[in-house]
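Engineer: Here it is, the structure in full.
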Amino acid sequence: MLRTLLFGPMNRPLQDLRGLRVWLIGASSGIGAELARQALAAGAHVALSARRRDALEEVAAHHPQAFIAPLDVLSRESWHDQHARIVQTLGGVDLLVFCVAKYRPERSWEVQEDEAEHTVRTNFASVYSALAATLPAMLERGSGGIALVASVAGYVGLPGATVYGPGKAALINLAEILYSDLRPQGLNVYLVNPGFVRTALTDKNDFNMPSIQTPQQAARKIWRGIIAGRFEIHFPLRFTLWLKILRLLPFRWRCMLFQQFLRG
């Protein structure tokens, strides 16, 4: 029993994804699009949300159980309107996956105020609209799940992630709070911290990205972790474990290592 308590799944495991009603935010490209494709292939009913309808239609092609719900994450009205449409069509939401990312590599002296504010609202603040739209029904029935896709950029202050990193760190903090609040109410909460994944966002980086993965690899690991009931799903381990150890070091030492990394 002690082993289960210390090392067992922190969430209720799932048998598989068949019949699961998933609302996937950020489903038009990258990790989000691949999560949608794999869930649809596994028999889930997936509501696909992002701004670009044409990209969502491409992801949904040949999958009759896909439902397209275009969404502006910065519009509270849009969240509630689309949630109502999804409930009417699918009957409810069993799992909300928040996979939203806006990113531009920049050092501290390159930050533009308006763009920084927009990035923080998109990557982090909009999650509160997601929770406001979906949590009441989940709490009422005592079941459901929330998955927040953050990043290892939220573990430590990585050079170049001046705006992106703090937003992901905030998501990590929020996921821990949500778990403490919602797991006793019967809900599952998942925190996803990918390492480098080959997408249009990481293509902007001009440095070596160790242990980079494809979106297909990332999505498989995420769904495997969710089905197993894990709270934190982080990968690839050879990179994420190194960062977890790194953040235990004094900041002076971390800073020296980062400077070495930047010099190549």
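Just so we're aligned, residue 2 is where the sequence shown starts under my numbering, counting upward by one. Backbone N, C-alpha and C define an ideal beta-carbon position, used for all residues, glycine too.
Under DSSP, the alpha helix (DSSP H) around glutamate 35 begins and ends at which residues?
Structural biologist: From DSSP, the alpha helix (DSSP H) with glutamate 35 extends over 31-42.
Engineer: Restricting to Cα atoms, I'd like to know which of Ser76, His84 and Ile234 is closest to isoleucine 69.
Structural biologist: Nearest of Ser76, His84 and Ile234 to isoleucine 69, Cα basis: His84.
Engineer: Measure the beta-carbon distance from serine 130 to arginine 77 and round it to whole angstroms, keeping in mind my assumption that it falls under 8 Å.
Structural biologist: The pair is a contact, with the Cβ atoms about 5 Å apart (cut-off 8 Å).
Engineer: According to DSSP, is tyrosine 180 part of a helix, a strand, or is it coil?
Structural biologist: Three-state DSSP puts tyrosine 180 in a helix.
Engineer: Output the boundary residues of the alpha helix (DSSP H) element that contains tryptophan 243.
Structural biologist: Element bounds for tryptophan 243: 238-247.
Engineer: At a cut of 8 Å, does the stretch 196-215 reach the stretch 31-43 through at least three beta carbon pairs?
Structural biologist: Because the criterion of three Cβ pairs below 8 Å is met, the stretch 196-215 and the stretch 31-43 touch.
Engineer: Between glycine 161 and phenylalanine 259, what straight-line distance do the alpha-carbon atoms span, to the nearest angstrom?
Structural biologist: C-alpha separation (whole angstroms): 11 Å.
Engineer: Using 8 Å as the cut-off, can you tell me whether the stretch 59-66 makes contact with the stretch 108-124, which would need three or more C-beta pairs spanning the two stretches below that distance?
Structural biologist: Verdict: no, contact absent.
Engineer: Just the C-alpha distance for glutamate 116 and alanine 219, rounded to the nearest angstrom, thanks.
Structural biologist: Going by the C-alpha atoms only, they are around 28 Å apart.
Engineer: Looking at C-beta atoms only, is the number of pairs between the stretch 147-156 and the stretch 95-103 that lie closer than 8 Å three or more?
Structural biologist: The stretch 147-156 vs the stretch 95-103: in contact.
Engineer: Would you check if the distance between the CB atom of asparagine 194 and the CB atom of isoleucine 228 is smaller than 9 Å?
Structural biologist: No, the pair does not count as a contact, with Cβ atoms beyond the cut-off.
Engineer: What does a CB cutoff of less than 6 Å around arginine 54 pick up in its chain, not counting 5 residues either side in sequence?
Structural biologist: Closer than 6 Å at the Cβ level, and outside the excluded window around arginine 54, lie Pro71.
Engineer: Spatial neighbours of alanine 56 within its chain, please: C-beta separation below 7 Å, excluding the five flanking residues on both sides.
Structural biologist: Ser29 and Ser30, listed in sequence order.
Engineer: Quick check on serine 50: does DSSP put it in helix, strand or coil?
Structural biologist: In this structure, serine 50 counts as strand in the three-state DSSP scheme.
Engineer: Between leucine 192 and alanine 176, how many whole angstroms is the CB-CB distance? I'm expecting something under 8 Å.
Structural biologist: Contact holds; Cβ gap of about 4 Å.
Engineer: Give me, in chain order, the residues of the same chain whose beta-carbon lies closer than 6 Å to that of tyrosine 156; leave out the 5 immediate sequence neighbours on both sides.
Structural biologist: Hits under 6 Å: Leu244 and Arg248.
Engineer: In the structure shown, what three-state DSSP assignment does glycine 155 receive?
Structural biologist: Helix, per DSSP.
Engineer: Just the C-alpha distance for leucine 91 and alanine 134, rounded to the nearest angstrom, thanks.
Structural biologist: Their Cα atoms are separated by approximately 15 Å.
Engineer: Around the Cβ of valine 47, are there at least 16 other Cβ atoms within 10 angstroms (buried) or fewer (exposed)?
Structural biologist: The residue is buried, with at least 16 neighbouring Cβ atoms inside 10 Å.
Engineer: Let's test the definition: count the other Cβ atoms within 10 Å of the Cβ of leucine 238 and tell me whether it reaches 16, buried, or not, exposed.
Structural biologist: Exposed is the call here.
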